[in-house]
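To start, the structure under review is shown below, and the notes come after it.
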Amino acid sequence: MSVEIYHNPRCSKSRETLALLESNGVNPIVIEYLKTPIDSDTLANLLSKLGFSSAHQLIRSKETLYKELGLSKDSDETTLRTAMLENPKLIERPIVVNDDKAAIGRPPESVLDIL
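Structure, rendered in structure tokens:
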């Protein structure tokens with residue numbers, strides 16, 4: 367089993383999810399996506415593995431930057447994906463990937479379903 371976590375160490379939910387994985391004997395590959403931003407193929411793969419039909423489902427719409435960029439539910443896919451790639455803090459976190467499945471750790475226990 368190869369598990370990855372797209373992690374922001376400053377986020378309490380991300381830290382809790384990482385700790386939960388480790389307490390369940392999972393030693394994930396930690397990807398600090400703010401330091402090592404993802405590319406468009408990775409973003410597309412994450413959306414697919416999460417089962418999301420729209421990039422808006424993975425965006426942090428309560429971030430100030432979301433409003434500053436003029437984003438909304440009506441924004442087209444290209445605009446949303448570009449915004450997330452250029453501003454990774456707009457990506458919901460943490461995301462845990464296990465092979466062809468992924469889950470967002472909100473709440474942290476939700477990632478246990480894909481292990």
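Numbering (the working numbering) for the sequence shown: 367 to 481. Each residue gets a CB set at the ideal place from its N, CA and C atoms; glycine is no exception. Predicted model only: the values in this text are computed from it and were never measured.
Residues of the same chain with a CB within less than 6 Å of the CB of R426, apart from the 5 flanking positions on each side, are L456, E458 in chain order.
For A468, there is no enclosing alpha helix (DSSP H); the enclosing beta strand (DSSP E) has its first and last residue at 467-470. The stretch 369-379 and the stretch 459-466 touch, with no fewer than 3 CB-CB distances between them shorter than 8 Å. For the set A410, H422, D405, the Cα lying nearest the Cα of K439 is the one of H422. Taking each of E429, P403, T383 in turn and checking the Cα distance to I480, the smallest one comes out for T383.
Take the alpha-carbon of N374 and the one of L435: they are about 22 Å apart.
For the pair L478 and E388, the Cα-to-Cα distance works out to about 11 Å.
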